[in-house]
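Novice: Structure in structure tokens, see below.
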Amino acid sequence: MLYFLGIFQTIGVHTLLGLSAYVLLLTGQLSLGQVGFFAIGAYVSGILTVLFSWHIFAALAVGALVAGFFAFLIGFPALRVKGLMLVVATIAFSEIVRLFFFNLSWRVEVNGFDVGPDSTQGFREIRYFAANGWEQTHVVALIWSFVILVMFLLWWLDRVRAGAVLRAVGEDDLAAQSSGVNLTMVKVAAMTAGGVIAGIGGGLFAHSTTYVDHHTFTILLATFAVSYPILGGHKNVFGTLLAVIFIQGFVIEGLRFMGDYRNIVFGLLIILAMNLRPQGLVDGHFISDIKKKLGGKPKKDSADA
Amino acid sequence: MLRLSNLSKYFGGVRAVDALELNVKTGEIFGLIGPNGSGKSTTVNLVCGIFGPTSGSIELDGVDLKRQAPHQRIDAGVSRTFQNIRLFDDLTVWQNLWVAWRDAPGQEHSWFSNWFGRSLSRRHEIQKLLEFSGLGDKSNNLAGNLAFGEQRRLELARAMASKPKLILLDEPAAGMSSAEVTDLRQRILTMKEMGITVLLIEHVMELVMNVSDRIGVLNFGTLIAEGLPEEIQNNPLVQKAYFGSSENTSGGDTNAIDQ
Chain E
1 MLYFLGIFQT IGVHTLLGLS AYVLLLTGQL SLGQVGFFAI GAYVSGILTV
51 LFSWHIFAAL AVGALVAGFF AFLIGFPALR VKGLMLVVAT IAFSEIVRLF
101 FFNLSWRVEV NGFDVGPDST QGFREIRYFA ANGWEQTHVV ALIWSFVILV
151 MFLLWWLDRV RAGAVLRAVG EDDLAAQSSG VNLTMVKVAA MTAGGVIAGI
201 GGGLFAHSTT YVDHHTFTIL LATFAVSYPI LGGHKNVFGT LLAVIFIQGF
251 VIEGLRFMGD YRNIVFGLLI ILAMNLRPQG LVDGHFISDI KKKLGGKPKK
301 DSADA
Chain L
1 MLRLSNLSKY FGGVRAVDAL ELNVKTGEIF GLIGPNGSGK STTVNLVCGI
51 FGPTSGSIEL DGVDLKRQAP HQRIDAGVSR TFQNIRLFDD LTVWQNLWVA
101 WRDAPGQEHS WFSNWFGRSL SRRHEIQKLL EFSGLGDKSN NLAGNLAFGE
151 QRRLELARAM ASKPKLILLD EPAAGMSSAE VTDLRQRILT MKEMGITVLL
201 IEHVMELVMN VSDRIGVLNF GTLIAEGLPE EIQNNPLVQK AYFGSSENTS
251 GGDTNAIDQ
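In order, the protein sequence lines correspond to chains E and L. Per the numbering used here, the first sequence runs over residues 1 to 305. Per the numbering used here, the second sequence runs over residues 1 to 259.
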């Protein structure tokens with residue numbers, strides 16, 4: 001049971017990370033910086049609960065805001081670069097964040113114990129849940145409340161004008177600009193929203209694993225973050241969730257019995273998925289099929305997408 | 001309405017637009033023609049703010065547009081279509097117009113309702129615009145799946161959704177059949193009736209000559225002639241710019257070979 005709860009935790013946290021990249025992908029920005037915001041959320045909220053004994057919700061909120069603030073700042077220079085150059089620039093940002101925490105040593109004595117980030121040794125004492133009597137089921141419920149909240153907000157966004165504007169910018173920013181869309185505002189807003197979502201994910205991750213260090217926030221995790229919405233398809237938020245379940249639940253956990261062969265199969269499965277569903281796991285066909293099964297009227301055109 | 005003075009744009013050593021003087025009057029349809037590479041599209045891009053000019057000024061009703069970002073020029077009342085259709089292909093027809101929509105001055109919605117609300121009055125007006133474009137029954141289709149002519153009509157509707165004072169049409173008849181050109185002509189005349197000033201950039205003479213109130217001819221980035229359609233047709237300078245020499249204009253290339 002604990003094993004499955006653990007997988008649920010991982011899937012929940014990774015879904016938040018994937019959704020933070022999804023928002024940016026809507027506006028056509030491919031960012032490997034989400035892991036940087038994730039790390040900021042993790043360390044900031046961890047420091048607040050451990051060193052300053054804050055309540056978890058306050059710490060998560062501040063962690064998310066700090067991550068969002070850095071995303072806002074990154075948003076402006078990021079406007080000047082596109083495509084591969086943006087990828088490189090955001091990798092650089094993630095590495096700066098990672099190396100900052102790699103060097104951060106801030107040990108404080110709380111209740112007779114030395115706690116806090118200990119540079120190369122990592123930040124090992126994030127025990128908020130255990131110390132306050134939370135059971136693992138509560139932690140899973142907390143993580144998934146955030147996943148559902150964020151997914152609902154992004155789903156709703158597609159039903160109002162703001163969602164159409166984000167997608168318009170992603171499709172053709174010149175045409176969007178010529179239709180009166182303020183590119184700076186839209187792209188920076190998307191970057192900030194992505195930072196906040198990643199920051200919440202990071203805070204939940206730090207507290208549910210009780211331990212973070214610089215090895216956690218490498219480029220590999222950044223690659224996972226963008227892979228989810230790309231593999232899942234950016235037509236719909238559920239694609240990202242499905243991709244996380246596919247990769248974390250099926251490919252990584254489900255193939256554990258294969259030992260070292262798993263890595264080979266991992267790659268093959270992703271290539272296969274991308275070839276069978278080039279528009280993502282949840283593409284137009286998938287959506288219209290579901291709608292038919294639910295008895296609703298399928299959108300006339302979505303099948304051709 | 002639109003006044004370009006001494007407007008220049010150089011790309012390296014190429015003078016795409018060179019000390020251009022142009023005056024478009026309120027309510028008229030102004031045709032801008034010229035051979036390939038004469039600077040027509042560059043002029044549109046300068047007016048819309050895609051490029052910044054090397055020198056010169058762009059004024060709309062006395063307001064200097066030069067320092068305004070492209071989206072601010074939409075608010076100022078300038079809108080455009082593209083030579084190669086640029087719709088949001090993965091959005092529905094409806095959403096394409098929703099993105100470009102601006103409230104008329106005096107009936108603005110709040111900031112919140114503009115981005116997140118779904119006001120009925122706006123819904124109603126977008127529907128009217130769809131019907132004007134003959135796309136009333138296709139509002140849920142993806143723009144990328146429309147037929148070519150429908151895409152052209154949708155782009156025109158999108159340009160009108162921002163309620164512009166001045167609309168720049170960059171070769172709207174490119175690739176159209178003669179029946180479609182007739183239909184387009186009607187639409188442009190309707191826009192004029194609605195009080196929109198039109199700057200029409202076009203190669204299809206059948207359209208320009210029949211719809212324009214005045215015509216300007218660009219060559220090497222400067223205006224070489226300006227006047228009524230008949231005057232332009234008979235202007236030797238224009239004939240020279242298009243055909244290379246004033247003697248063999250009547251029959252075009254075949255005559256040139258015969259001589």
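Think of the CB as a built atom: it goes at the ideal place given N, C-alpha and C, for glycine as much as any other residue.
Taking 8 Å as the CB-CB cut-off, is residue 165 of chain E touching chain L?
Specialist: Judged by the 8 Å Cβ criterion, residue 165 of chain E is in contact with chain L.
Novice: Out of E:90, E:172, E:66, E:177, which has the shortest C-alpha to C-alpha gap to residue 162 of chain L?
Specialist: Of the candidates E:90, E:172, E:66, E:177, the one whose C-alpha sits nearest the C-alpha of residue 162 of chain L is E:177.
Novice: According to DSSP, is residue 214 of chain L helix, strand or coil?
Specialist: Reduced to three states, the DSSP call for residue 214 of chain L is strand.
Novice: Could you tell me the boundaries of the beta strand (DSSP E) in which residue 227 of chain L lies?
Specialist: Its beta strand (DSSP E) spans residues 222 to 227.
Novice: Determine the contact status of residue 46 of chain E and residue 198 of chain E, defining contact as a CB-CB distance below 8 Å.
Specialist: In this structure, residue 198 of chain E does not lie closer than 8 Å to residue 46 of chain E by Cβ.
Novice: Hey, is residue 148 of chain L's beta-carbon within less than 8 Å of any beta-carbon in chain E?
Specialist: Answer no: the Cβ-Cβ gap between residue 148 of chain L and chain E never drops below 8 Å.
Novice: Quick one: complete beta strand (DSSP E) runs, 3+ long, within the stretch 213 to 291 of chain E?
Specialist: If we require 3 residues or more, the stretch 213 to 291 of chain E turns out to have no beta strand (DSSP E) run fully inside it.
Novice: Do we get a CB-CB distance below 8 Å when we pair residue 28 of chain E with the residues of chain L?
Specialist: So no, residue 28 of chain E is outside the interface.
Novice: Between which two residues does the beta strand (DSSP E) containing residue 187 of chain E stretch?
Specialist: Counting along the chain, residue 187 of chain E falls outside any beta strand (DSSP E), though it belongs to the alpha helix (DSSP H) covering 183 to 209.
Novice: Distance, Cα to Cα, residue 256 of chain E vs residue 1 of chain E?
Specialist: About 17 Å.
Novice: So is residue 180 of chain E in contact with chain L if we call contact Cβ pairs under 8 Å?
Specialist: Chain L contact via Cβ: present.
Novice: Which residue comes first and which comes last in the beta strand (DSSP E) that contains residue 166 of chain L?
Specialist: Counting along the chain, the beta strand (DSSP E) containing residue 166 of chain L begins and ends at 166 to 170.
Novice: State yes or no: is the C-beta of residue 20 of chain L within less than 8 Å of the C-beta of residue 221 of chain L?
Specialist: Yes, the pair counts as a contact, with Cβ atoms nearer than the cut-off.
Novice: Based on the DSSP secondary-structure assignment, which residues constitute the bridge partners of residue 9 of chain L?
Specialist: Residue 9 of chain L pairs with L:17.
Novice: Can you tell me whether residue 25 of chain L is buried or exposed, with buried defined as 16 or more other CB within 10 angstroms of its CB?
Specialist: Residue 25 of chain L should be labelled exposed.
Novice: DSSP three-state label for residue 50 of chain L, please.
Specialist: If DSSP states are grouped into helix, strand and coil, residue 50 of chain L belongs with coil.
Novice: According to the Cβ coordinates, are residue 212 of chain E and residue 123 of chain E closer than 8 Å?
Specialist: In contact: residue 212 of chain E and residue 123 of chain E (Cβ atoms closer than 8 Å).
Novice: What residues of chain L sit near residue 168 of chain E, judged by a beta carbon separation below 7 Å?
Specialist: The answer, in chain order, is 88, 91, 99.
Novice: For residue 109 of chain L, I'd like the list of residues in its chain whose CB is within less than 8 Å of its CB, leaving aside the five on either flank, ordered along the chain.
Specialist: If we look at residue 109 of chain L and ignore the five residues flanking it on each side, its Cβ neighbours are 103, 117, 119, 122.
Novice: Residues bridged to residue 88 of chain E by DSSP?
Specialist: Looking at the DSSP assignment, residue 88 of chain E forms no beta bridge with any residue, so it has no partner.
Novice: Is the stretch 55 to 63 of chain L close to the stretch 131 to 142 of chain L, with three or more CB pairs under 8 Å?
Specialist: They do not touch, by the three-pair rule.
Novice: Nearest-angstrom Cα distance between residue 88 of chain L and residue 276 of chain E?
Specialist: One C-alpha to the other measures close to 25 Å.
Novice: In the DSSP assignment, find the unbroken beta strand (DSSP E) run with residue 59 of chain L in it and report its ends.
Specialist: Note, residue 59 of chain L: beta strand (DSSP E), 55 to 60.
Novice: According to the neighbour-count rule (16 or more other Cβ atoms, all chains shown, within 10 Å of its Cβ), is residue 294 of chain E buried or exposed?
Specialist: Per the 10 Å Cβ criterion, exposed.
Novice: Anything in chain E within Cβ reach of residue 74 of chain L, meaning under 8 Å, just list it in chain order.
Specialist: The contacting residues are 178, 179, 180.
Novice: I want to verify the contact list: residues of chain L whose CB lies under 9 Å from the CB of residue 172 of chain E, in sequence order.
Specialist: Those are 86, 87, 88, 89, listed as they occur along chain L.
Novice: Kindly indicate if chain E contains any beta-carbon less than 8 Å away from that of residue 115 of chain L.
Specialist: True, the Cβ-Cβ gap to chain E drops below 8 Å.
Novice: Roughly how many angstroms separate the alpha carbons of residue 215 of chain L and residue 33 of chain L, rounded to a whole number?
Specialist: Roughly 7 Å separates the two Cα atoms.
Novice: What number of angstroms, rounded off, separates the C-alpha of residue 117 of chain E from the C-alpha of residue 126 of chain L?
Specialist: Looking at the two C-alpha atoms, the distance is approximately 56 Å.
Novice: Based on Cα-Cα distance, which residue from E:233, E:131, E:203, E:100 lies nearest to residue 214 of chain E?
Specialist: With distances taken between Cα atoms, residue 214 of chain E lies closest to E:100.
Novice: Taking any Cβ of chain E, which residues in the stretch 51 to 72 of chain L have a Cβ under 7 Å from it, in chain order?
Specialist: Flagged, chain order: 70, 71.
Novice: What number of angstroms, rounded off, separates the C-alpha of residue 217 of chain E from the C-alpha of residue 266 of chain E?
Specialist: Between residue 217 of chain E and residue 266 of chain E, the C-alpha separation is close to 21 Å.
Novice: Whole angstroms is fine: what's the gap from residue 85 of chain L's alpha carbon to residue 191 of chain E's?
Specialist: Roughly 29 Å between the two C-alpha positions.
Novice: Let me make sure I understand the geometry here. Which of L:114, L:67, L:111, L:192 has the alpha-carbon closest to that of residue 46 of chain L?
Specialist: Among L:114, L:67, L:111, L:192, the Cα nearest to that of residue 46 of chain L belongs to L:67.
Novice: Can you tell me whether residue 219 of chain L is buried or exposed, with buried defined as 16 or more other CB within 10 angstroms of its CB?
Specialist: It counts as buried.
Novice: Taking the alpha helix (DSSP H) that residue 173 of chain E falls in, what are its first and last residues?
Specialist: Taken as a continuous stretch (DSSP letters only), the alpha helix (DSSP H) holding residue 173 of chain E covers 173 to 178.
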